[in-house]
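Read top to bottom, the protein sequences are chains A and B. FYI, in our numbering the residues of the first sequence are 1 to 341. FYI, in our numbering the residues of the second sequence are 1001 to 1558. For each residue, glycine too, the CB sits at the ideal point set by N, CA and C. Okay, so here's the structure we're looking at.
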Amino acid sequence: MSFFLADQVAPYAWFPEGASSFAPQVDFLFTAILWICIVFFVPIVIAMGYFMWVYRERPGYRGSPEALHNTAIEITWTVVPTIVVVWVFWEGAMGYLDMARIPKGTVDVNVTAKKWQWAFKYENGGEHEVIPVENVSAKELPLLVLPVDRDIKIIMRSDDVLHSFYIPAFRAKRDVVPGRYNYMWFHTTKEGLYDLFCTEYCGDNHSQMNAKVKVVSQEEYKKALEKAIQEPEDPLERGRLLYKRQGCSTCHNAGAEGASGPGPSYNGSWGKSVQLESGTEVAFDENYVRESILNPQAKARKGYGKASPMNSYAGKLKDDQIDALITFIKSMENATPAAKK
Amino acid sequence: MSVLDRPIATPGYSEADSYPSHHFLNHSKGFLSWALTLDHKRIGLMYLVGVMASFALGGTFALMIRIHLWNFKDGWLSNQTYNQVFTLHGAIMVFLFIIPSIPAALGNFLLPVMLGTKDVAFPRLNLGSFYLWVTGLILFLTALSVTGLDTGWTFYTPYSIETQQGGAVLAATFGVFVLGFSSIFTGLNFIVTINTMRPPGMSWFRMPLFLWALYATSIIQVLATPVLGITVLLLSAERLLGIGIFDPKLNGDPVTFQHFFWFYSHPAVYIMILPAMGIISELMSVHCHKGIFGYRMIAYSSIAIALFGFLVWGHHMFTSGMADVTTIVFSALTFTVSIPSAIKVFNWLGTMYQGTVSLNTPMLYALAFIFLFTIGGLTGLPLGALSTDMHFHDTYFVVAHFHYVMMGGTLVAFLGGVFHWWPKMTGRMFNDKLGIASAIIVFVGFNLTFLPQFVLGSRGMPRRYATYLPEFQPLHQLSTIGSITLGSGLLLALIVLLMSLVNGKKAPRNPWGGATLEWMCSSPPPHDNFSSAPTVGDPYDFSTIEYDARVGGYVKRT
Chain A
1 MSFFLADQVA PYAWFPEGAS SFAPQVDFLF TAILWICIVF FVPIVIAMGY FMWVYRERPG
61 YRGSPEALHN TAIEITWTVV PTIVVVWVFW EGAMGYLDMA RIPKGTVDVN VTAKKWQWAF
121 KYENGGEHEV IPVENVSAKE LPLLVLPVDR DIKIIMRSDD VLHSFYIPAF RAKRDVVPGR
181 YNYMWFHTTK EGLYDLFCTE YCGDNHSQMN AKVKVVSQEE YKKALEKAIQ EPEDPLERGR
241 LLYKRQGCST CHNAGAEGAS GPGPSYNGSW GKSVQLESGT EVAFDENYVR ESILNPQAKA
301 RKGYGKASPM NSYAGKLKDD QIDALITFIK SMENATPAAK K
Chain B
1001 MSVLDRPIAT PGYSEADSYP SHHFLNHSKG FLSWALTLDH KRIGLMYLVG VMASFALGGT
1061 FALMIRIHLW NFKDGWLSNQ TYNQVFTLHG AIMVFLFIIP SIPAALGNFL LPVMLGTKDV
1121 AFPRLNLGSF YLWVTGLILF LTALSVTGLD TGWTFYTPYS IETQQGGAVL AATFGVFVLG
1181 FSSIFTGLNF IVTINTMRPP GMSWFRMPLF LWALYATSII QVLATPVLGI TVLLLSAERL
1241 LGIGIFDPKL NGDPVTFQHF FWFYSHPAVY IMILPAMGII SELMSVHCHK GIFGYRMIAY
1301 SSIAIALFGF LVWGHHMFTS GMADVTTIVF SALTFTVSIP SAIKVFNWLG TMYQGTVSLN
1361 TPMLYALAFI FLFTIGGLTG LPLGALSTDM HFHDTYFVVA HFHYVMMGGT LVAFLGGVFH
1421 WWPKMTGRMF NDKLGIASAI IVFVGFNLTF LPQFVLGSRG MPRRYATYLP EFQPLHQLST
1481 IGSITLGSGL LLALIVLLMS LVNGKKAPRN PWGGATLEWM CSSPPPHDNF SSAPTVGDPY
1541 DFSTIEYDAR VGGYVKRT
């Protein structure tokens, strides 16, 4: 309980720490609305309690049926709230216009949302890395690195269903809609590590579709970009990196890593004959893995016919990247825990 | 001193005032006399049983959700099951409970009696709408037990097209389609009844406010529900025939679905809350024994809410990437709804002023409504304002806000209404002290459940999450404790009502001192409601209504 009480006076008791230029406007307007609410709500409750007591039914008391209408009071309690909400609307709309007008000279990041991973691509073509995290149900999360004190433009698309890109610390949110690009921008003001959530329901692992956002200095950002463009030479290491970066790990378990579903585990499958949903069997080899990456629904494993469908990776992976992934899956030949039969 | 503490009617005082030997409940017997009845009172009671059972089911799912969220990860449900459970909670509560609760159950029972007529305009259509509701219920339960519906109650595309639970989506959307017709028939029936069957002397502005609210609700039901029918038909056509409407893979646009869906579902919010406001107007005046303050403003504000309610659906899509002008216009329109709602709250308070306030069970539920609905309404402000909504959209702040309006508002008003009219419907008085206890437990439990969710939302906790960050855990646990308290309060309310059927005192004609027509017929009403046409007076003139200890209730001084 002491933990609970300490929580309520922590800096994030009402809002997470503000780290974008939108935060002061949003926090100011919310605080203003909060006070408006208090100014309306407290007198209402006091009046209610007072009337309950003073006019309560009791022997020898009979209320008066006179007060049924009072034009002056009725006009007042119509006009005053109207003025107040017009102001609230105006403030909100002005703040929104600031969020909607994307300035020139931005640092651009391409964001692809898919079940259930965020993928980030930087201006130099480099892609995000995946970092281990503690205390959340996903063991590893993608990391978006951004420079501090710059205007950032986010260009978003979805590979499958609706998602929504939300960074509480930036007070910024925008839905990711399949079939079109959606844009948003913000100005980073503070270095630090922040949470990114998907806030539009997208299926089984919606709640694990998080990421981390790291706002760093210009120099560190440059270093991160250089690192982002590299992939390891060793095919196995490259396969492991792609397994995480491409989001395979959000559905398929490999060794002790990755989510335990809804896709089948890679463990102990290589070289064996696996049962298919159609009732036939297929050898788990290079051809099967390649086909399952490019056309995932072609040969669904037994028991996975009703699972959330995987997106095709055709056109997204180069042949040597697929080879690296095959090498990685091959290395799971004897890994434990073994996959479900 | 509550009515129950007073001595009950002296036997033989007046044949008409005591519990009648012949009434609608024992008018005819047997299963078919209920299943094929055209009596609006029996249909209303069957609806009441149906919506309460649906509420119990939806409530069980709610508790499953809250218990699952006790820990930030590794709850007792898998992600997939959790998604199915919150989908069913939402779908059952919205389509099977809240929308039909007040209009179909209480409205059906009361509307003809309040109008002093024998029945609604189209009794067969009324029975038909009940069976459509039952059909919708069965289709929903099929989706529940045979397959796993996991789309959320909103069926957003393209998820609802892609999901492998295709059979469930079809069964559920067809269920929604059928339920929509049930809703349209009820609305149509009420509009025609109120327009054509008001007794001589009952002009529009001598109508009880509950009827004004039902009239406004019916207009929305008739105008908006067909759009929902069209939407789910298009959705089914897309799934079955592969016509590209909403699915981007077929050149459709998923945001179009949201426009279609909310064009119905936002007005539906007012289908839920308007009748609740009508109940509160009745309860406040009757239990304050004083005419309603600002009758005309309340009546007009119901109509204003019904009209404005059609123009604000876009506020569900502020973050979806609509054009900036559209977004700003929708924000402005959204605020217009807040004014008529605020006027009603002030008028209810004005009704208490200089009244004679009876603090009994229905009144306490009404007071709880005002408290909770005011919070629900005020927390709509940061959601209607655009820049703050960018932070709150799709977080727990929204969840808390609409539960304060839908549950703290509609459900609490529904309970208040059920307690208020229970003596009329069943002819039995309930235990007022235990009823008061249930109201207090519900009030405390409700706030304990949903106040922490506002804070969760402002800290950034997204909705529909099966697992969450550990820093949110204490508030989630507080909310779970609240939900169990709330559940026990609701259970107590049910027990109080059921106990009254076993050992409740016989109810007088007018136990609370109401001036509307339903209190002029016996409790429970006879099959034909009124043996002779009642005289219509001012529905809020309490000056001639006085307590009479000999009948244990109120009588009109002549």
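Amino acids of chain B, ordered along the chain, whose beta-carbon sits closer than 8 Å to that of residue i
i: W77(A); result: A1342, I1343 and F1346
i: G258(A); result: Within chain B, no residue comes near G258(A); the closest Cβ sits about 15 Å away, beyond 8 Å.
i: T82(A); result: I1339
Any chain D beta carbon closer than 8 Å to residue i
i: R1459(B); result: Within the model displayed, chain D is absent; protein chains A and B are what it includes.
CB-CB length for residue i against residue j, believed under 8 Å
i: N1126(B); j: N1189(B); result: 6 Å
i: G1107(B); j: L1214(B); result: 5 Å
i: I1440(B); j: L1386(B); result: About 39 Å; that fails the 8 Å criterion.
i: M52(A); j: L1367(B); result: 7 Å
i: S1302(B); j: I1343(B); result: Not confirmed; about 10 Å, so no contact.
i: V177(A); j: S1265(B); result: Not quite, the Cβ-Cβ distance comes to about 19 Å (not below 8 Å), so this is no contact.
Contacts that residue i makes with chain B (C-beta to C-beta distance below 9 Å)
i: A314(A); result: In chain order: nothing, as chain B lies at least about 14 Å away.
i: L346(A); result: Outside the displayed span of chain A (1 to 341) sits residue 346(A), for which this structure offers no information.
Closest by C-alpha distance to residue i, when choosing among the options
i: F1371(B); options: W35(A), F41(A) and N311(A); result: F41(A)
i: Y1159(B); options: L1378(B), A1323(B), L1179(B) and R1239(B); result: R1239(B)
i: G263(A); options: E277(A), S269(A) and P309(A); result: P309(A)
i: S1054(B); options: H1023(B), L1448(B) and S1101(B); result: S1101(B)
i: P1200(B); options: Y1554(B), R1550(B) and D1538(B); result: D1538(B)
i: L196(A); options: A169(A), E219(A) and E220(A); result: A169(A)
i: C198(A); options: V111(A), E277(A), E74(A) and K153(A); result: V111(A)
i: L1492(B); options: P1508(B), L1415(B) and T1467(B); result: L1415(B)
i: P103(A); options: E57(A), G268(A), S64(A) and D151(A); result: D151(A)
i: P1559(B); options: Y1047(B), G1058(B) and V1113(B); result: Because residue 1559(B) is not part of the residues shown, which for chain B are 1001 to 1558, the question remains open.
i: T1168(B); options: T1147(B), A1304(B) and L1333(B); result: In the sequence as displayed, the identity of residue 1168(B) is Ala instead of Thr. Residue T1147(B) is the option with its Cα nearest to A1168(B).
Listed by chain order, chain A residues near residue i by CB distance under 7 Å
i: H1559(B); result: An answer regarding residue 1559(B) cannot be provided, because it is not within the stretch 1001 to 1558 covered by chain B.
i: K1290(B); result: G63 and P65
i: R1464(B); result: Y201 and H206
i: P1382(B); result: F30 and I33
Where residue i meets chain B, residues with beta-carbon distance less than 7 Å
i: E91(A); result: A1385
i: K306(A); result: Q1164
Residues that residue i contacts on chain A, provided the C-beta gap is smaller than 8 Å
i: E1238(B); result: Those do not exist, as E1238(B) stays about 14 Å from chain A at its closest Cβ, beyond 8 Å.
i: D1394(B); result: S164, Y166, K173, T199 and E200
i: P1470(B); result: N135 and V136
Proximity test, residue i beta-carbon vs the ligand GTP heavy atom, cut-off 7 Å
i: I73(A); result: No copy of the ligand GTP occurs in the structure displayed, which carries no ligand at all.
Interface residues of chain A facing residue i [CB-CB closer than 9 Å]
i: T1327(B); result: A93, Y96 and A100
i: I1375(B); result: C37 and F41
Handout entry: Against chain B: residues of the region 126-159 of chain A by CB proximity under 7 Å
Key = Residues passing the 7 Å Cβ filter: N135, V136 and S137.
Practice task
Would you check if there are 3 or more beta carbon pairs closer than 8 Å linking the region 1247-1259 of chain B to the region 162-180 of chain A?
Solution key: With the cut-off at 8 Å, the region 1247-1259 of chain B and the region 162-180 of chain A touch.
Exercise for the section: Mind the definition here: the region 1282-1301 of chain B touches the region 1348-1366 of chain B only if three or more C-beta pairs lie below 8 Å; say whether that holds. Expected result: The answer is yes - the region 1348-1366 of chain B touches the region 1282-1301 of chain B, with three or more Cβ pairs under 8 Å.
Problem - Interfacial residues, the region 200-211 of chain A to chain B, with Cβ spacing under 9 Å - result: Result list: E200, Y201, C202, G203, D204, N205, H206, S207, Q208 and N210.
Exercise for the section: Would you list, in chain order, the members of the region 1074-1095 of chain B that have their beta-carbon closer than 7 Å to a beta-carbon of chain A? Expected result: When C-beta distances to chain A are compared with 7 Å, the residues of the region 1074-1095 of chain B below that value are N1079, Q1080 and N1083, in chain order.
Problem - Cβ contact check for the region 1461-1476 of chain B and the region 1382-1401 of chain B: 3 or more pairs under 8 Å - result: Segments in contact, yes.
Practice task
Please list the residues of the region 1245-1265 of chain B that have a C-beta atom closer than 7 Å to any C-beta atom in chain A, keeping them in chain order.
Solution key: Within the region 1245-1265 of chain B, the qualifying residues are P1248, D1253, P1254 and V1255.
Problem - the region 1086-1104 of chain B in contact with the region 1488-1498 of chain B per 3-pair CB rule at 8 Å - result: The region 1086-1104 of chain B vs the region 1488-1498 of chain B: no contact.
Exercise for the section: Could you tell me whether the region 1063-1074 of chain B touches the region 1472-1482 of chain B, using the rule of 3 or more Cβ pairs below 8 Å? Expected result: Under the Cβ criterion (8 Å, minimum of three pairs), the region 1063-1074 of chain B counts as touching the region 1472-1482 of chain B.
Handout entry: Cβ-based contacts, 9 Å cut-off: residues of the region 260-278 of chain A near chain B
Key = Hits within the stretch, in order: G261 and P262.
Exercise for the section: Decide yes or no for the touch test of the region 1301-1314 of chain B against the region 87-94 of chain A: beta carbon pairs closer than 8 Å, at least 3 of them. Expected result: The region 1301-1314 of chain B and the region 87-94 of chain A do not touch, with fewer than 3 CB-CB distances between them shorter than 8 Å.
Handout entry: At least three beta-carbon pairs within less than 8 Å, the region 111-125 of chain A to the region 208-216 of chain A
Key = Yes, they touch.
Handout entry: Cβ contact check for the region 1078-1085 of chain B and the region 1032-1049 of chain B: 3 or more pairs under 8 Å
Key = Taking one beta carbon from each stretch, the region 1078-1085 of chain B and the region 1032-1049 of chain B have fewer than 3 pairs nearer than 8 Å; the two do not touch.
Problem - Touch test, the region 1131-1142 of chain B against the region 1176-1189 of chain B, Cβ-Cβ under 8 Å, three pairs minimum - result: With three or more CB-CB distances shorter than 8 Å, the region 1131-1142 of chain B counts as touching the region 1176-1189 of chain B.
Exercise for the section: Answer yes if the region 240-250 of chain A comes into contact with the region 317-337 of chain A, meaning at least three C-beta pairs across the two stretches below 8 Å, and no otherwise. Expected result: Judged by Cβ distances under 8 Å, the region 317-337 of chain A makes contact with the region 240-250 of chain A, as three or more pairs qualify.
Exercise for the section: Report the residues of the region 14-31 of chain A with a CB closer than 8 Å to any CB of chain B, ordered along the chain. Expected result: Listed in sequence order: W14, F15, P16, F22, Q25, V26, L29 and F30.
Handout entry: Residues from the region 1534-1553 of chain B in contact with chain A, defined by Cβ distance under 7 Å
Key = Answer in chain order: F1542 and S1543.
Exercise for the section: Mind the definition here: the region 1266-1284 of chain B touches the region 1404-1424 of chain B only if three or more C-beta pairs lie below 8 Å; say whether that holds. Expected result: Yes, since at least three Cβ pairs between the region 1266-1284 of chain B and the region 1404-1424 of chain B fall closer than 8 Å, the two stretches touch.
Handout entry: Any 3 or more C-beta pairs closer than 8 Å across the region 1526-1544 of chain B and the region 1452-1461 of chain B
Key = The region 1526-1544 of chain B is not in contact with the region 1452-1461 of chain B.
Problem - the region 222-233 of chain A contacting the region 119-135 of chain A, beta-carbon criterion three pairs below 8 Å - result: Yes: the two stretches touch, three or more of their Cβ pairs being nearer than 8 Å.
Exercise for the section: Anything in the region 1355-1368 of chain B with a Cβ closer than 7 Å to a Cβ of chain A? List those residues in chain order, please. Expected result: Here the close residues are G1355, T1356, V1357, S1358, L1359 and L1367.
Problem - Against chain A: residues of the region 1203-1225 of chain B by CB proximity under 8 Å - result: Across the region 1203-1225 of chain B, no CB contact with chain A closer than 8 Å is found for any residue.
Practice task
Could you say if the region 15-23 of chain A and the region 169-181 of chain A meet the contact criterion of at least three C-beta pairs nearer than 8 Å?
Solution key: The region 15-23 of chain A, when compared against the region 169-181 of chain A, does touch it at the 8 Å Cβ threshold.
Handout entry: Cβ pair count under 8 Å reaching 3, the region 1517-1526 of chain B against the region 1444-1459 of chain B
Key = The region 1517-1526 of chain B is not in contact with the region 1444-1459 of chain B.
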